[in-house]
Amino acid sequence: MREYLLTLCITAAVTYLLTGPVRKFAIVAGAMPEIRARDVHREPTPRLGGIAMFFGLCAGLLVADHLANLNEVFAKSNEPRALLSGAALIWLIGVLDDKFEIDALIKLGGQMIAAGVMVMQGLTILWLPVPGVGNVALTQWQGTLLTVALVVITINAVNFVDGLDGLAAGMVCIAAAAFFLYAYRVWVSYGIEAAAPATLFAAILMGMCLGFLPHNMHPARIFMGDSGSMLIGLVLAAGAISITGQVDPDALNLYAGSEKAAVHQTVPVYIPLLLPLTIIAVPTADLVLAIVRRTWRGQSPFAADRGHLHHRLLEIGHSHSRAVLIMYFWSALIAFGALAYSVNSASMWIVLGIVFLSAIGLVLLLLPRFRPRVPVWAQRFVPPRYRRRRQAPEAVAAEAAEPDATDAAEAAETEERAPVTAGVSGVNGATAIGARSRFVDRR
0 MREYLLTLCI TAAVTYLLTG PVRKFAIVAG AMPEIRARDV HREPTPRLGG
50 IAMFFGLCAG LLVADHLANL NEVFAKSNEP RALLSGAALI WLIGVLDDKF
100 EIDALIKLGG QMIAAGVMVM QGLTILWLPV PGVGNVALTQ WQGTLLTVAL
150 VVITINAVNF VDGLDGLAAG MVCIAAAAFF LYAYRVWVSY GIEAAAPATL
200 FAAILMGMCL GFLPHNMHPA RIFMGDSGSM LIGLVLAAGA ISITGQVDPD
250 ALNLYAGSEK AAVHQTVPVY IPLLLPLTII AVPTADLVLA IVRRTWRGQS
300 PFAADRGHLH HRLLEIGHSH SRAVLIMYFW SALIAFGALA YSVNSASMWI
350 VLGIVFLSAI GLVLLLLPRF RPRVPVWAQR FVPPRYRRRR QAPEAVAAEA
400 AEPDATDAAE AAETEERAPV TAGVSGVNGA TAIGARSRFV DRR
């Protein structure tokens, strides 16, 4: 465990320290696109945060290669080299997209090629434990197609959810934490060395996200861009493919009897492995809903819009930070709920706890819809949004005489909050471009 914690800390430190210089490089290179209609932020923000995350990945693999207990992972398996090759390719495509906005089909082809590179080096799914059937061995073509599909789906699920400050990095970090606990349990508790690469990948992924989050929390000073979102999606998919396709269910020896009975009884153990998207179920649901919504409107599935889950949370009335925390809550509930169920599927307390926390999450989700009428004597103890506003009789009469005053005020506010074009002063903390005015021009 100490070696994994050291690798995590080194990865996080390298990512954190390199994000600042990468931000200045992104500003100089002009990787600051103008505000689009679907964007939530109001000021141009530099991208290319994936550069720092990629070098953090390289630093984590380099440190792990020189540690005594983790060196065996590189000696006995070619999967770390396969991950580095696929990550370098997908990172290069993401950097080009952050700078030049390449076509979506070209990115999709690059994702498939990156997955194919990993398959060629041995990182592929060899078999699947199927309930009621047993351990099903896959042919080379079946394993390749399933591996490529899983990589592409995971990459795009993470890319789709990257719409708010700190959202994608935080959700992937939560998923990686749950995945690390399970993979470490399979490796240490059952002595299965084939789970060691997946454990290492999860630890490095947590370090990448934790090192980038301080720069990406609201208000974000830099975005990870496609170079970062596709990279962490590929690392997460690589860990799931490694432990799903390489670990034999019979090696666990949890149950005696036939292979068919053993696989059927150990299905709860393999929930986070067979379906790695269960630990990122929120971005996966967002991906499916986006495809259905755009196809129903006659648009391309890759067309951008403002109908994602985080956009809907903002429309309900949640603030930016609260929307991110709610998405964190649901991701943690699904990820660690699946982890707890895989450990002890017969416990009813786990199911009841998940149901109770789900009810709390629904209440938090719909909280802005409720505006309770607070008594006058209790208004000083509640937030300002629940207090009654006292209006003078003259103000009430003026509001009744001029019904369009509210529309005029909203139009003025919209004009005042117009997005700032790239290359001018006022960028989020961009001291390299110019000073930011601390006061709003009221003229």
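Counting in numbering that gives the first Met the number 0, the sequence shown runs from 0 upward without gaps.
From the three backbone atoms N, C-alpha and C, an ideal C-beta is built for every residue, glycine too.
Could you please give me the residues that DSSP links to residue i through a beta bridge?
| i | result |
| --- | --- |
| A136 | W126 |
Can residue i and residue j be called in contact, C-beta distance under 8 Å?
| i | j | result |
| --- | --- | --- |
| I353 | L338 | no |
| L235 | L199 | no |
| A113 | G85 | yes |
| Q139 | M229 | no |
| G48 | T10 | no |
| L122 | I242 | no |
| A322 | T44 | no |
| I124 | L137 | yes |
| R46 | A67 | no |
| W186 | A177 | no |
| L233 | I89 | yes |
| G238 | A193 | no |
| A87 | V13 | no |
| F328 | G360 | yes |
| P213 | Y15 | yes |
| G162 | N215 | no |
Could you check where the alpha helix (DSSP H) with residue i kicks off and where it finishes?
| i | result |
| --- | --- |
| V323 | 319-342 |
| S84 | 78-99 |
| W348 | 347-364 |
| N215 | 195-215 |
| H18 | According to the sequence shown, residue 18 is Thr rather than His. Note, T18: alpha helix (DSSP H), 1-28. |
| N70 | 70-75 |
| Q110 | 103-119 |
| D64 | 49-64 |
| A182 | 166-189 |
If I'm right that residue i touches residue j with Cβ under 8 Å, what's the distance once you round it to whole angstroms?
| i | j | result |
| --- | --- | --- |
| A167 | V157 | 6 Å |
| V135 | L127 | 5 Å |
| F159 | L7 | In fact, because the Cβ distance is near 26 Å, the residues do not count as touching under 8 Å. |
| L82 | M119 | The Cβ separation is near 13 Å, so there is no contact. |
| L363 | I325 | 6 Å |
| S341 | Y181 | 7 Å |
| S330 | H217 | The Cβ separation is near 17 Å, so there is no contact. |
| V21 | I50 | 5 Å |
Looking at chain D, is there any beta carbon in it that lies within less than 8 Å of the beta carbon of residue i?
| i | result |
| --- | --- |
| G93 | Looking at the structure shown, chain D is missing, and only one protein chain is on hand. |
With a cut-off of 8 Å, do at least 3 Cβ pairs link the region 91-107 to the region 223-232?
-> yes
Validate contact between the region 70-79 and the region 40-58 using beta carbons, cut 8 Å, 3 pairs | no
Inspect the CB distances between the region 170-184 and the region 208-219 and report whether three or more fall short of 8 Å.
-> yes
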